[in-house]
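UniProt numbering applies: residue 1 is where the sequence shown begins, and numbers increase by one.
Beta carbons are placed, not taken as given, at the ideal position from N, Cα and C, and that holds for glycine.
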Amino acid sequence: MAEEQEVRQIELLCKQLYDSQDPNIREQAEKAVVAFQESPDTLSKCQALLERADSSYSQLLAATTLAKLLSRSTTSLSVQQRLDIRNYVLNYLATRPKLAAFVIQSLVSLFARITKLGWFDMVKEEYVFRNVMNDVSSFLQGPAEMCTIGVQLLCQLVSEMNQVSDDASRSLTKHRKIASSFRDNQLFEIFRLSCSLLGAPLRLGEEAQQALLAALLRLAHACLT
């Protein structure tokens, strides 16, 4: 009960942070949000925020907080914990296609970051973060809205692999190894997929189909740059 009340308080803080016109209220809300992000039980509270889905702002806070949690050098999340977060994000996106665009983008970025950071992690002699095509296949086989999310997942992953993030900059050699492995094992398959989907008939009079086409063009471009 106490945790549920705390989660509701965090949701209220999110609304104050993004909606309030009073700078003092926003400042206090921002301080409280920072305290939330640094609390020891952040992981469970983020999941609670996502499960309640009370507002897009609280969903955004949960996604961005999880991304920060992953990037902290002092955070000791196990491989299984990170894999669980990744699978949770995929399931969340698959079961909630009507999320706000900025929430989808935040979760897509979180997926890409987890995948990159865990690229060389193994469970039972398997590189568990490399099953990218299998992970997004259910999205790509769905209606246009779901297919677009799948394409966004791939596009963000390609972009993530191409850039040196703040945490990866501490080990440029590791970043290069990850990027090289991704190029050798995944990039061409992703590019070929984008070309295949671009060759499929689209009903461009429909907004969802137009969004899918734009996402596919971004993916193909990302693979070539």
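- If you keep only unbroken beta strand (DSSP E) runs of at least 3 residues inside the segment 79-141, you get nothing at all.
- The shortest CA-to-CA distance from E51 to any of L140, R8, K15, Q28 is the one to R8.
- Counting every other CB atom within 10 Å of its CB across the protein chains shown gives A200 a total below 16, marking it as exposed.
- For L202, the secondary structure class from DSSP, reduced to helix, strand or coil, is coil.
- Note that the C-beta distance between V123 and L219 is not below 7 Å.
- L107 is a Cβ neighbour of A63, given a cutoff of 7 Å.
- In this model, Q80 and Q28 are separated by some 35 Å (Cα to Cα).
- Secondary structure at V33: helix, using DSSP grouped into helix, strand and coil.
- The Cβ atoms of E11 and S58 lie closer than 7 Å to each other.
- Beta-carbon to beta-carbon, L60 and F102 are separated by about 6 Å, close enough to satisfy the 8 Å threshold.
- Nearest C-alpha to L93 among E145, M161, R176: E145.
- I25 is positioned such that its CB atom lies no closer than 7 Å to that of Q37.
- Here the alpha carbons of S76 and L43 stand approximately 12 Å from one another.
- DSSP places S20 outside both helix and strand once states are collapsed to three, so it counts as coil.
- In the three-state reduction of the DSSP assignment, E4 falls in the helix class, which pools H, G and I.
- For T225, there is no enclosing alpha helix (DSSP H), since its DSSP letter is neither H nor E.
- Cβ contact annotation for S194 (same chain, cutoff 6 Å, sequence separation greater than five): L216, L219, A220, in chain order.
- E145: member of the alpha helix (DSSP H) spanning 144-162, first to last residue.
- Annotation for R176: the continuous alpha helix (DSSP H) segment containing it runs 172-182.
- Around the C-beta of T225, fewer than 16 other C-beta atoms lie within 10 Å, and the residue is accordingly described as exposed.
- For S71, the closest alpha carbon among the candidates S55, E206, F111 is that of F111.
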